[in-house]
Amino acid sequence: MSADLPNDDLSFDEIDELISPRAEETDFDRVVETALSRRGFLGGVMTFGLGSFLVGTTALTRDALAEGHADRFGFAQIAANTDDTITVPEGFEWQQVVTWGDPLFADSTSFDEATRGTAATQARAFGDNNDGMSIFTKDGRTVMAINNEYTNRKVLWGNNPDAKWATADDVKKGMNAHGVSIFEVARDDAGNWQVVVDSGLNRRILPETDMDLTGPAAGHDLLKTHADPTGTTTKGTWNNCGNGETPWGTYLTCEENFNGYFSAADEAHEVSAELARYGVSSKDWGYGWASVDDRFDVSKNPNEPNRAGYIVEIDPFDPTSTPKKRTALGRFKHENAAVVLAPNGKAVVYLGDDERGEFLYKFVSHGTYSAPGNNSDLLESGDLFVAKFHDDMRGEWLALTPETTGMSDAEIRIHTRQAASSVGATTMDRPEWVAVNPTKAEAYVALTNNKNRGKKPNAGGDDTTANAVNPRVENHYGQIARWMPDDEDHSSHGFSWNLFALAGNPDAHNDAYAGSENINAGNMFNSPDGMAFDSTGLLWIQTDGNYSNEEDFAGMGNNQMLAGDTVTGEIRRFLVGPKECEVTGVCWSPDRRTMFVGIQHPGERGNSHFPDGGTSLPRSGVFAVRRVNGGLIG
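Take the sequence shown: its letters are residues 308 to 941, numbered as in our numbering.
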């Protein structure tokens, strides 16, 4: 990647690399790289063997998988492909539910390909690049809450001569394409799911929506601004990646790459070291938000970035409610929030920080859940932990407290990355989604990839030498780790762990980069990202990786969704997305007969016309997948 790459071509990962370039590799790094080379994988400085931490007691060899086991999948695996459509197994079909620009209210106009809309129409329409999503049912009505992570700017502003923002309305249209879309859905006479336009439950939550700051950091000086001298209220949410949902029926949206929207009129302005750790800089990376709103100018409002990077709790059935940023769950680049109740009734939330070499966290509430009671503030206070994985297949949750970090409770919640670094947590290969098995006490995390593993430190200078849970130098394929809490209690401080899968390419490699034993030429993939369990305990895995279909990625085709049997270790491909997309976000209808799947940024390099075909604009959206015979799916 070149530093002079046009800003509108940069991914958030590339922005992070340019903002905070890492030091060159050290001599010790080269030793580790040699130890993890093709012939010396996990030899040398590593004393454990590959088989000792892959899949654990449920491991199956490729031969064992071929012998046959009870089929829990209910579908035949499909082949990888590079088609510009959604591909599903025989006996399944898919249907479009909602796409970028579709109106949610009757007073908004239909999507216009020529103009791509205005700020006003976008504020009343489904946002761009949908990601995590949940479905809620109450009093016979069904509501979907869906993140709109960011914008495909070349498409959004493609009506302008240079495909960039030209006016203040262009910038505001881009802002309004972010946030969260909440709307009622229902089946039509043909049985297809449709948006209930103008439902009283429909709502857009935007970067200018009023929100409360709650928890240990609320009111701290680092959260105070000229507009909010109390440090207890803020405006908006953006770059909402994964999600979560609570047992008490609220939606959790997760602020990830919030840093890329801040800049300064003077690009020579230097931000603080604390902001730099989160990738905040003075450079405008192509969104232009500071040009229309001074709160995004870090030279004028240096505390504003401290008010982003949180979990936001939303009541999906009350459009008048104020969303709450739950600072108790820490501030970092949140991927998703996996909520589970511990045997003692406490709410446990697992959280990944999606950047190379960052950490995996756990929150345990102080209060306990009560089914008939008021649980609205259960995420208001609790204890925050960060994971330490040991090479002996054990791990521990390190408490982030004033005693362990030397920081106040509020500072820990605002500068959570620094707190985790101070206690020596395990640097991870970009922790993406966490999924908790509903049928047994175990959890899984998608470690999507890390080209810097064993090559460069993380943004805080922490060591990224290869380790048991992140075993491959310059990891382009990713892996899925799982852990089993002590005493089958998610609130416990100890756990055992193993790797459920190492993604790889057995056609291109014959070492660890070929992947684990449950990866073969028929089901191979790279960069596991989104993950969710269905009610039967199948693990659904979505990818956001290299779709070149060449060299190390030959045979993988477009990004895809697979299902994993966590008992046998078998993984089977279920869906392939259109060209240049990410497959992300999944949930099920209340009757479990429809699976909703998100398709993000089709044609991000200009080579797709999904979903409408012809010469139409590519548009992200949500699609319903079901069995032709109407049977259960998940």
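For each residue, glycine too, the CB sits at the ideal point set by N, CA and C. The structure presented is a predicted model; accordingly, all values stated were derived computationally and were not measured.
For residue i and residue j, what's the separation of their Cα atoms in angstroms?
i           : j           : result
residue 877 : residue 826 : 8 Å
residue 441 : residue 575 : 42 Å
residue 727 : residue 799 : 19 Å
residue 528 : residue 606 : 17 Å
residue 871 : residue 848 : 7 Å
residue 637 : residue 623 : 23 Å
residue 556 : residue 408 : 27 Å
residue 767 : residue 584 : 6 Å
residue 627 : residue 518 : 12 Å
residue 486 : residue 457 : 8 Å
residue 731 : residue 724 : 11 Å
residue 588 : residue 616 : 15 Å
residue 822 : residue 708 : 38 Å
residue 670 : residue 658 : 8 Å
residue 620 : residue 630 : 6 Å
residue 379 : residue 777 : 29 Å
residue 348 : residue 867 : Residue placement at residue 348 is flagged as unreliable, the pLDDT there being 33, under the threshold of 50; the coordinate-derived value follows with that caveat. Roughly 28 Å separates the two Cα atoms.
residue 648 : residue 845 : 20 Å
residue 614 : residue 891 : 26 Å
residue 746 : residue 841 : 10 Å
residue 769 : residue 760 : 11 Å
residue 737 : residue 935 : 37 Å
residue 465 : residue 912 : 13 Å
residue 601 : residue 541 : 14 Å
residue 599 : residue 482 : 10 Å
residue 370 : residue 893 : Low local confidence applies: a pLDDT of 46 at residue 370 is under 50, so the model's placement there is unreliable, with the coordinate-based value given in what follows. Roughly 32 Å between the two C-alpha positions.
residue 863 : residue 852 : 10 Å
residue 704 : residue 695 : 6 Å
residue 479 : residue 469 : 18 Å
residue 389 : residue 771 : 34 Å
residue 443 : residue 742 : 18 Å
For residue i, I'd like the list of residues in its chain whose CB is within less than 7 Å of its CB, leaving aside the five on either flank, ordered along the chain.
i           : result
residue 909 : 885, 886, 887, 888, 915, 917, 925, 927
residue 682 : 555, 676
residue 922 : 916
residue 781 : 758, 760, 761, 762
residue 689 : 635, 670, 671, 672, 673
residue 416 : 410, 428
residue 391 : 885, 886, 915, 916, 917
Looking at the secondary structure, which residues open and close the alpha helix (DSSP H) in which residue i lies?
i           : result
residue 913 : Run containing residue 913: none; DSSP gives neither H nor E here.
residue 907 : No alpha helix (DSSP H) holds residue 907; the beta strand (DSSP E) holding it covers 902–907.
residue 693 : It is not in any alpha helix (DSSP H) - residue 693 instead sits in the beta strand (DSSP E) that spans 689–696.
residue 863 : Segment: none, residue 863 is in no alpha helix (DSSP H) and carries neither H nor E.
residue 640 : Per DSSP, residue 640 belongs to no alpha helix (DSSP H) and is neither H nor E.
residue 478 : 475–483
residue 845 : Looking at the DSSP string, residue 845 is not in any alpha helix (DSSP H); the run it does join, the beta strand (DSSP E), is 845–850.
residue 317 : That residue, residue 317, is in no alpha helix (DSSP H); it is neither H nor E in DSSP.
residue 463 : 460–463
With a threshold of 8 Å on Cβ separation, who are the neighbours of residue i within its own chain once the five nearest residues in sequence on each side are excluded?
i           : result
residue 533 : 608
residue 496 : none
residue 603 : 568, 569, 570, 596, 597, 611
residue 701 : 801, 802, 803, 804
Can you tell me where the beta strand (DSSP E) holding residue i begins and where it ends?
i           : result
residue 792 : 786–792
residue 758 : Element bounds for residue 758: n/a, residue is neither H nor E.
residue 634 : From DSSP, residue 634 is part of no beta strand (DSSP E); its letter is neither H nor E.
residue 805 : 801–809
Below 6 Å CB to CB, which residues in the same chain sit around residue i once its five sequence neighbours on both sides are set aside?
i           : result
residue 467 : 473
residue 322 : 567, 592
residue 632 : 518, 520, 617, 619
residue 422 : 466
residue 505 : 412, 413
residue 400 : 935
residue 420 : 924
residue 795 : 748
residue 820 : 811
Are at least three pairs of beta-carbons, each pair with one atom in the stretch 391–404 and one in the stretch 491–502, less than 8 Å apart? yes
Residue ranges of each beta strand (DSSP E) run of no fewer than 3 residues wholly in the stretch 391–455, ordered along the chain? 399–406, 437–445, 448–455
Quick check: the stretch 706–725 against the stretch 806–820, are there 3 or more CB pairs under 8 Å? no
List in chain order: all unbroken beta strand (DSSP E) runs of 3+ residues lying wholly within the stretch 524–552. 540–542, 547–552
Looking at C-beta atoms only, is the number of pairs between the stretch 750–757 and the stretch 833–850 that lie closer than 8 Å three or more? yes
Would the stretch 564–572 and the stretch 546–556 be scored as touching if the rule is three or more Cβ pairs under 8 Å? yes
Contact the stretch 480–494 vs the stretch 391–399: 3+ CB pairs below 8 Å: no
Three or more C-beta pairs under 8 Å: does that hold for the stretch 473–483 against the stretch 437–451? no
Length at least 3, wholly inside the stretch 550–596: the beta strand (DSSP E) runs in chain order: 558–562
Entirely enclosed beta strand (DSSP E) segments - the stretch 672–745, minimum 3 residues: 689–696, 701–706, 738–743
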